Amino acid sequence: SQQGEEDPQALSIQEGENATMNCSYKTSINNLQWYRQNSGRGLVHLILIRSNEREKHSGRLRVTLDTSKKSSSLLITASRAADTASYFCATGDTGANSKLTFGKGITLSVRP
Amino acid sequence: DAMVIQNPRYQVTQFGKPVTLSCSQTLNHNVMYWYQQKSSQAPKLLFHYYDKDFNNEADTPDNFQSRRPNTSFCFLDIRSPGLGDAAMYLCATNLAYTDTQYFGPGTRLTVL
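Protein chains in written order, with this note's numbering: chain A, 1 to 112; chain B, 113 to 224.
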């Protein structure tokens, strides 16, 4: 069954604005990851946050995790047209085969 | 560059005609995954290999099989494709006990 639920389902912003995407999940996790998917392509890993972390940064990306609320947010600052893509959160479990359970994704459109 | 390669990128088959999708990787990762992603949906894990150990998800139909002849290659066989099997099929890899998965570009399967 699906673990992550992203919201909003679609987001349209102007270039230069910040984009905030949220993800909620249901069960305990080892880590939460965000992936990007350009139209008709595979997924690209963006950032990972572990269950004992609250915030991480990578370039223009900032991810937060609130395990008490079972939620995460991804902030993309100073968005660019090239950020237009679908964004998925995925929860990971522990073990040798760290299976991921993906949400349905958020479609982000950045207008030039 | 080390990468995950999927062939073909687009596959058209007829209803009921067996089809094989291919994935290869130069990352020397010991875990390989196959996901099915239908339009505007989350990627759904079908099965994965940890080295030669095959792990099937409980809800993966029997119509889907997989082979991993060596570390580098993994195949997805669909024995009798139905119209509902039309989807993007994504291959991913990772090193055991690490969390980030590396995805190929996907194979878009059309069933006529």
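Each residue gets a CB set at the ideal place from its N, CA and C atoms; glycine is no exception. Note that this is a predicted model, so its numbers are computed, not measured.
* Going by C-alpha distance, which of G42/A, K26/A and D7/A is nearest Y201/B? -> Checked all of G42/A, K26/A and D7/A; the closest Cα to Y201/B is G42/A.
* Using three-state DSSP, classify D93/A as helix, strand or coil. => Three-state DSSP puts D93/A in coil, outside helix and strand.
* Does A154/B get closer than 8 angstroms to chain A when you measure Cβ to Cβ? -> Interface residue, yes.
* Using Cβ-Cβ distances below 9 angstroms, what residues of the segment 203-215 of chain B are close to chain A? -> Answer set for the segment 203-215 of chain B: C203, A204, N206, A208, Y209, T210, D211, T212, Q213, Y214 and F215.
* Boundaries (first-last residue) of the beta strand (DSSP E) holding K156/B -> K156/B -> beta strand (DSSP E) spans K156 to Y162.
* Asked: R36/A and Y87/A: beta carbons closer than 8 angstroms?
  -> A contact, by the Cβ cut-off of 8 angstroms.
* Which residues in chain A sit within 8 angstroms of L157/B, going by Cβ to Cβ distance? -> Neighbours of L157/B across chain A, judged by C-beta separation under 8 angstroms: K99, L100 and T101.
* Asked: Mind checking if R220/B is an interface residue toward chain A, Cβ cutoff 8 angstroms exclusive?
  -> Taking 8 angstroms as the threshold, the shortest C-beta distance from R220/B to chain A falls below it.
* Cα-Cα separation between T107/A and T84/A, rounded to whole angstroms -> Per the coordinates, the alpha-carbon of T107/A lies some 8 angstroms from the alpha-carbon of T84/A.
* Contact set between K104/A and chain B, taken where Cβ atoms lie within less than 8 angstroms -> Residues of chain B with a Cβ closer than 8 angstroms to the Cβ of K104/A are, in chain order, S152, Q153 and A154.
* To do: Indicate whether at least one CB of chain B lies closer than 8 angstroms to the CB of Q2/A.
  => Annotation note: pLDDT 49 at Q2/A (below 50); position unreliable, no value reported.
* Counting only the same chain and skipping the five closest in sequence on each side, list residues whose C-beta sits under 6 angstroms from that of N119/B. => For N119/B, where only same-chain residues beyond five positions count, the Cβ hits under 6 angstroms are S134.
* With a cut-off of 8 angstroms on the beta carbons, I'd call K104/A and A154/B a contact; round off their distance for me. => The pair is a contact, with the Cβ atoms about 5 angstroms apart (cut-off 8 angstroms).
* For G16/A, go through chain B and note every residue whose CB falls closer than 9 angstroms to its CB, in chain order. => Within 9 angstroms Cβ-Cβ: nothing; G16/A doesn't reach chain B, min ~28 angstroms.
* Based on the DSSP secondary-structure assignment, which residues constitute the bridge partners of H45/A? -> Y35/A.
* At a Cβ cut of 8 angstroms, what residues of the segment 37-57 of chain A count as close to chain B, listed as they run along the chain? -> For the segment 37-57 of chain A, the beta-carbon criterion of a distance under 8 angstroms to any beta-carbon of chain B is satisfied by G40, R41, G42, L43, V44, H45 and L48.
* For the candidate residues M115/B, Q126/B, D211/B and S136/B, whose alpha-carbon lies nearest to that of L188/B? -> If you compare the alpha carbons of M115/B, Q126/B, D211/B and S136/B with that of L188/B, the shortest gap goes to S136/B.
* D211/B, DSSP secondary structure in three states -> Three-state result, D211/B: coil.
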